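Position 467 (the sequence shown) corresponds to 473 in our numbering; numbering is contiguous. Structure, as structure tokens:
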Amino acid sequence: MVAVARNPERKRFKGAESEGIRLFSDAWKNQCLATESVSVFASPECLNKDYTNAISACTALHWERIQRKERDSSSNPQDSGVTIFLMQVIVFEDDAVDALGVAVQARPACDLTIGAFSLVELLGRFGPVQRVVRGHLERHLAGASLRQMAVWGGAVEKNHTLSPHRHSRMEDGFGDREQFVLFVNARAVPSADLIRAIQKLLNNHNTCCLECHGYVAIAIVREPPEQRDRFIEQCKSLGTGLSQWLAEQNLNEHQSSLQHVVELVSESHELFGAHERAIEGAIRMRLDQGEYEERKQGLYLAADAIVEEPVVVRRGPIVVEQGARIGPFVCLDGPIWIGRDARINPHAWIREATAIGRTCIVGGEVLSSVIESYSNKSHDGFLGHSRVGSWANIAAGTITSNLKVTYGTIRSHTRRGTLDSGRQFLGATIGDFAKTGIHTSISCGVSIGVAAMAAGNVLRDVPDFSSDLGGTASRTSPQQASTVLGRMMARRGIALIPADTELLIELAAGLPSGG
């Protein structure tokens, strides 16, 4: 793989495989060099370089190059022959997804940001991704296809399926009449370890099934390409039962150390540890697949990102995506990922293991937290070891407690009862469309539900579509929530569509998570 140093006249070839993030074979590496395409897989030596691979092997642009190369070489089969894993991917929710609680009430588990990726985004490097999710989310995705964006910000393709991709020379197990479909559990943590595991399973060129803790984590199924569209529709019709169907297919069980590499999140509090473990490797993968300039040591900027000095970078890596803006007098302690068009207000302190989604506005102190796309935490306050959904607003002076005065482990409350999280640091889980009032104080481990509002001292969980306003409680109707959401979307230049309102209506009606 090729790492391009700051001086364009000097290309340095680094041994990137120390990180083990290698999506394709050595033959693919040679193909990249032959076609002057560049794919960077970061080793520690590469981390202070400019990453310039606009035609990375992970991008749609590169898929076009693959197809063009294939067409150009079709008259001369000897020019082709590289095995490329470009396949249909299906990410599926199973019946254990409910345990993730508020974080997944209004979005699929595969659209949660963990580290610096959602699972849908990460799996896109293997091919186009179809979601098989709970019923109310499936209906929303169908309704949101015209906008090509779900309400939580995830991309929605219009009838995007992959036509058979043929090669003039195929490895054993790849035939002209059949093609593999990759299935990945939506609760899988999007990490470099997951990519390695999938790569290893694909290298077997055979059907297989990898289970973790009794649940299907990854499966590879062979299907005739002429039945692809019908097959995908059948998978979608199974919903959360798809996992059971896969378990019954008599696929080759893969019993190996991979079972300890692939991580499935089982409880809501496990999202926090998974994120903390994944973020640095995820940021390195982003550096691998994108084009960034190292503005100062450890701080990498994509095109049109702006940093207004003085800004202090005490630790890296920190990735700032296209169009994002960091105001003056900001302190950054990486690893940090700042999404596209996000804004960090002056005097903010963004601390380690923080991921900030697209078009968010963030100020104050943030530590080891995820803020999903289109949310605001504009003012002073503290957000620590917490998760915030999309279209949420964290008002000025809001503080999340993340440590008990006893320094003991923090309990979290679920539908199945109270669980000891085993974590000394655990803040709040704030659902999609939720809001806090000014000077809100939130106790450790509290959840604020979808479209809920909280103010004052919040000592216990706030249910979906309810208001806990410092001693008074009331219900929020889905129509009220839709009106507020529409106003917030308009400020981002996004139109509210009927599918958004219908999702809120279904959630407010108490639709079981299984759909």
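Glycine is no exception: its CB is placed at the ideal position from the N, C-alpha and C atoms. Because the structure is a prediction, the values reported are computed rather than measured.
| query | result |
| --- | --- |
| Just the Cα atoms here: how many angstroms apart are V447 and A361? | Just to set this straight, residue 447 is Ser in the shown sequence, not Val. Approximately 22 Å between the Cα atoms of the pair. |
| What do you get for Q295, buried or exposed, if any count of 16 or more other CB atoms within 10 angstroms of its CB means buried? | buried |
| Scan the stretch 89-118 and note each continuous beta strand (DSSP E) run of 3 residues or more that stays entirely inside, going in chain order. | 94-98 |
| How would you call R422, buried or exposed, if buried means at least 16 neighbouring beta carbons within 10 angstroms? | exposed |
| Report buried or exposed for G451, applying the criterion of at least 16 other Cβ atoms within 10 angstroms of its Cβ. | buried |
| Going by the DSSP bridge assignment, what does R145 pair with across the sheet? | Answer is none; R145 lacks a bridge partner. |
| Rounding to the nearest angstrom, what Cα-Cα distance links D100 and S472 in this structure? | 28 Å |
| Tell me, to the nearest whole angstrom, how far the beta carbon of V108 is from that of T435; I am working on the premise that it is less than 8 Å. | 5 Å |
| Could you give the C-beta distance for V95 and F132, rounded to a whole number, given that I count them as a contact under 8 Å? | 5 Å |
| Whole-angstrom Cβ separation of G437 and A461, contact assumed at under 8 Å? | At roughly 16 Å, the Cβ-Cβ gap does not stay under 8 Å, so G437 and A461 are not in contact. |
| What distance in whole Å lies between the Cβ atoms of G390 and T406, which are believed to be in contact at a cut-off of 8 Å? | 6 Å |
| Could you check whether G333 and E314 sit closer than 7 Å to each other, using their CB atoms as the reference points? | yes |
| Here's the rule I'm using: 16 or more other beta-carbon atoms within 10 Å means buried, otherwise exposed. How should H146 be labelled? | buried |
| For S338, which beta-bridge partners are listed by DSSP? | Before going on, a small fix: residue 338 reads as Leu here, not Ser. Bridge partners of L338: V319 and I356. |
| Who are V394's beta bridge partners in DSSP? | I377 and I436 |
| Can at least three beta-carbon pairs, one atom from the stretch 132-143 and one from the stretch 489-507, be found at a separation below 8 Å? | no |
| Rounded to whole angstroms, what's the CA-CA distance from Q233 to Q154? Just pull it up for me. | 25 Å |
| According to DSSP, is E276 helix, strand or coil? | helix |
| Count the other CB atoms within 10 Å of the CB of E297; is the residue buried (16 or more) or exposed (fewer)? | buried |
| Just verifying my parser: in three-state terms, what is the DSSP assignment at I511? | helix |
| Measuring alpha carbon to alpha carbon, tell me which of S449, E358, L264 and N258 ends up nearest V227. | N258 |
| Between the Cα of Q205 and the Cα atoms of T404, L409, E327 and L92, which residue gives the shortest distance? | L92 |
| Would you tell me roughly how many angstroms separate the C-alpha atoms of T118 and K302, rounded to the nearest one? | Going by the sequence as given, residue 118 is Leu instead of Thr. The alpha-carbon atoms of L118 and K302 are separated by roughly 30 Å. |
| Please determine, among P323, S449, R321 and E299, the residue with the shortest C-alpha to C-alpha distance to I312. | E299 |
| Output the boundary residues of the alpha helix (DSSP H) element that contains I201. | A198 to L208 |
| If A288 and G121 are in contact, beta carbons under 8 Å, what's the gap, nearest whole angstrom? | 3 Å |
| Cβ of V268 within 7 Å of Cβ of L200? | yes |
| Which term fits N382, buried or exposed, when burial requires 16 or more other beta carbons within 10 angstroms of its beta carbon? | buried |
| Below 7 Å between beta carbons: does that hold for L270 and V222? | no |
| Between I444 and R429, is the Cβ-Cβ spacing less than 7 Å? | no |
| For H419, which of helix, strand or coil comes out of DSSP? | strand |
| Report the residue from P196, S274, G247 and N256 whose alpha carbon sits nearest the alpha carbon of T424. | S274 |
| In three-state terms, what does DSSP make of V490? | helix |
| For E239, report the span of its alpha helix (DSSP H) as first-last. | R234 to L244 |
| Decide if L152 is buried, meaning its Cβ has at least 16 other Cβ atoms within 10 Å, or exposed. | exposed |
| Classify I285 as helix, strand or coil using the three-state DSSP reduction. | helix |
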